[in-house]
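Residue numbers (the UniProt record's numbering), protein chains in the order written: chain A, 1 to 256; chain B, 1 to 256.
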């Protein structure tokens, strides 16, 4: 039995990523979170804090993939445009919602004032379900197949813990990485392709050079497959392929 | 006189970024390289090593932006699909080209064999001009408004040095960052929006919380503008905005 491949897209929202001010680390965190659930990230986009760009990105991705995960743009400041953009995408009303407001009231009572700006974080599109934020409380939300999260990486990690149970995954694609030393891509390329062809689509192989200055170099050869038996064979084949050059091959990771 | 805004897109190509195996750092490097040339990155996408996905991404982005910069997929192995995809995008022939072949022959003579796999790196679409690779020699190329680079970050940095002179930039957007301590977004959001509104589009403001566990926190407030006078005023306004809360404000960087 072959399980369905379930695919997701990630939409990173924020001027600060495009300007180079901020190094995104959310894409990698989301991809690593989803993989063991049987969901592969098949595309990602980064757009600015511009409603039209957010709307266009979400619409393109939600039609094409099973799930969409967004980060950024749900804070209290004027450059946070994501929630309203999502309401526009789904053609629904958006306003301060009681359940979200109650979360903020409980959090901000006392020291800090729940002013109009903070109440913006309780604006939730009609029909969305909240995503808990264990870090700073202001919730994310799910609407349709789109999961809307904050941009701060620690909050993303927190919100993902309230998302896993909502995901229906498919085949879990696992990978094995074999590290070869003093071997170059051009020397193994033909054999690597032959290995992939022989699997008839069951395994995909990737080759990634590494350099450790001043003079160490080599390759990480990666096999990816949803079939554990084919993957195990592929890892052994990669080790043999490298050792046939008379150089070291190391099994860097286990299936994960 | 208002200079034209010149915009670029970045297309990161590679299964390894989408799977989370590799943390991309090329987007940030490209954005920081282009900014002082008067080119703003307005969108980025990440696609897998799948010809159709590469072609679709390039076509969408090259029609919409002044320049497109791609990374990844131009090595010697079977999962390197970018060069052929570019030929398809522009509807031109692709084959081993003499100028690219000469570069590889000079590099590989002696110790390493210039075999068929390595010769794949001399496959260049008709009409493209080469981009020098000072690290590992195999060239990138420019075709139309698309710059095709390798995926390895050190090679990207090297190739960018052969790209700058080909770029016709516009207005240089500079930024100033003011760091406030013990101040929360919700407390300054209304005033921050008022500052942006008052500039009538000359300056855009962004707000980015920071946390330094266990108990330090604050904001980076960022002003971005192509107008140096408006930017200087914006930076001073941001400092005043934060100090009005009775907390520290620090000018973190100069215009750059």
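All C-beta atoms in this analysis are idealised placements derived from N, C-alpha and C, irrespective of residue type, glycine included. No experiment lies behind these values; they were computed from the predicted model shown.
Counting contacts by CB-CB distance shorter than 8 Å, is residue i in contact with chain B?
i: residue 78 of chain A; result: yes
i: residue 263 of chain A; result: What the structure shows of chain A is the stretch from 1 to 256, and residue 263 of chain A is not part of that stretch, so it cannot be assessed.
i: residue 59 of chain A; result: no
i: residue 28 of chain A; result: yes
i: residue 115 of chain A; result: yes
i: residue 46 of chain A; result: yes
i: residue 81 of chain A; result: no
i: residue 190 of chain A; result: yes
i: residue 118 of chain A; result: yes
i: residue 199 of chain A; result: no
i: residue 129 of chain A; result: no
i: residue 255 of chain A; result: Annotation note: pLDDT 39 at residue 255 of chain A (below 50); position unreliable, coordinate value reported separately. Residue 255 of chain A does not count as touching chain B.
i: residue 31 of chain A; result: yes
i: residue 52 of chain A; result: no
Could you check how far apart the C-beta atoms of residue i and residue j are, in whole angstroms? I think they sit under 8 Å.
i: residue 83 of chain B; j: residue 124 of chain B; result: 7 Å
i: residue 145 of chain A; j: residue 46 of chain A; result: Not quite, the Cβ-Cβ distance comes to about 20 Å (not below 8 Å), so this is no contact.
i: residue 219 of chain B; j: residue 207 of chain B; result: 6 Å
i: residue 230 of chain A; j: residue 203 of chain A; result: 5 Å
i: residue 135 of chain B; j: residue 154 of chain B; result: 5 Å
i: residue 171 of chain A; j: residue 38 of chain A; result: 6 Å
i: residue 222 of chain B; j: residue 211 of chain B; result: Their Cβ separation, rounded to whole angstroms, is 17 Å, which puts residue 222 of chain B and residue 211 of chain B out of contact at 8 Å.
i: residue 114 of chain A; j: residue 137 of chain A; result: With a Cβ gap of about 11 Å, residue 114 of chain A and residue 137 of chain A do not count as contacting.
i: residue 35 of chain B; j: residue 252 of chain B; result: Incorrect: roughly 17 Å between the Cβ atoms, too far for contact.
i: residue 319 of chain A; j: residue 185 of chain B; result: Residue numbering for chain A in the displayed model covers 1 to 256; residue 319 of chain A lies beyond these limits and cannot be assessed.
i: residue 48 of chain B; j: residue 80 of chain B; result: Between residue 80 of chain B and residue 48 of chain B the Cβ distance is about 13 Å, and since that is not below 8 Å, they are no contact.
If you follow the beta strand (DSSP E) that residue i is in, where does it begin and where does it stop?
i: residue 31 of chain A; result: No beta strand (DSSP E) holds residue 31 of chain A; the alpha helix (DSSP H) holding it covers 26-34.
i: residue 249 of chain A; result: 249-251
i: residue 176 of chain A; result: 174-181
Compare the C-beta of residue i with all C-beta atoms of chain A and state if any pair is closer than 8 Å.
i: residue 25 of chain B; result: yes
i: residue 66 of chain B; result: no
i: residue 89 of chain B; result: no
i: residue 182 of chain B; result: no
i: residue 257 of chain B; result: Residue 257 of chain B cannot be examined here, being either before or after the span of chain B that is shown, 1 to 256.
i: residue 186 of chain B; result: yes
i: residue 257 of chain B; result: Residue coverage of chain B in this structure runs from 1 to 256, which leaves residue 257 of chain B outside it and unanswerable.
i: residue 105 of chain B; result: no
i: residue 261 of chain B; result: Here chain B comprises residues numbered 1 to 256, so residue 261 of chain B is not present and cannot be evaluated.
i: residue 248 of chain B; result: no
i: residue 109 of chain B; result: no
i: residue 42 of chain B; result: yes
i: residue 112 of chain B; result: yes
i: residue 75 of chain B; result: yes
i: residue 63 of chain B; result: no
i: residue 196 of chain B; result: yes
i: residue 236 of chain B; result: no
i: residue 168 of chain B; result: no
i: residue 179 of chain B; result: no
Tell me which residue opens and which closes the alpha helix (DSSP H) that residue i is part of.
i: residue 228 of chain A; result: 228-243
i: residue 89 of chain A; result: 82-90
i: residue 102 of chain A; result: 98-108
i: residue 119 of chain A; result: 116-119
Verify the contact flag: residue i, CB atom, against every heavy atom of the ligand SAH, threshold strictly below 7 Å.
i: residue 161 of chain A; result: This structure simply doesn't include the ligand SAH, nor any ligand for that matter.
Checklist line | Sequence ranges, beta strand (DSSP E) only - wholly within the stretch 9-80 of chain B, length at least 3 | finding: 39-47 and 67-71
Note to self: Could you tell me which whole alpha helix (DSSP H) segments of length 4 or greater appear in the stretch 121-168 of chain B?
What the structure shows: 153-160
Next item on the list: Identify every run of the alpha helix (DSSP H) within the stretch 196-220 of chain A, keeping only runs that are complete inside it and at least 4 residues long; order them along the chain.
Entry: none
Next item on the list: Mind checking the stretch 202-216 of chain A against chain B and listing, in chain order, the residues whose C-beta falls within less than 8 Å of any C-beta there?
Entry: 204, 205, 206, 207, 208, 209 and 211
Next item on the list: Select from the stretch 220-233 of chain B all residues with a C-beta closer than 8 Å to any C-beta belonging to chain A, and list them in chain order.
Entry: 222 and 224
Check: Just by C-beta distance, which residues in the stretch 4-25 of chain B are closer than 9 Å to chain A?
Finding: 10, 12, 14, 15, 16, 17, 18, 19, 20, 21, 22, 23, 24 and 25
Item checked: Residues in the stretch 134-152 of chain B having any Cβ partner in chain A nearer than 7 Å -> 152
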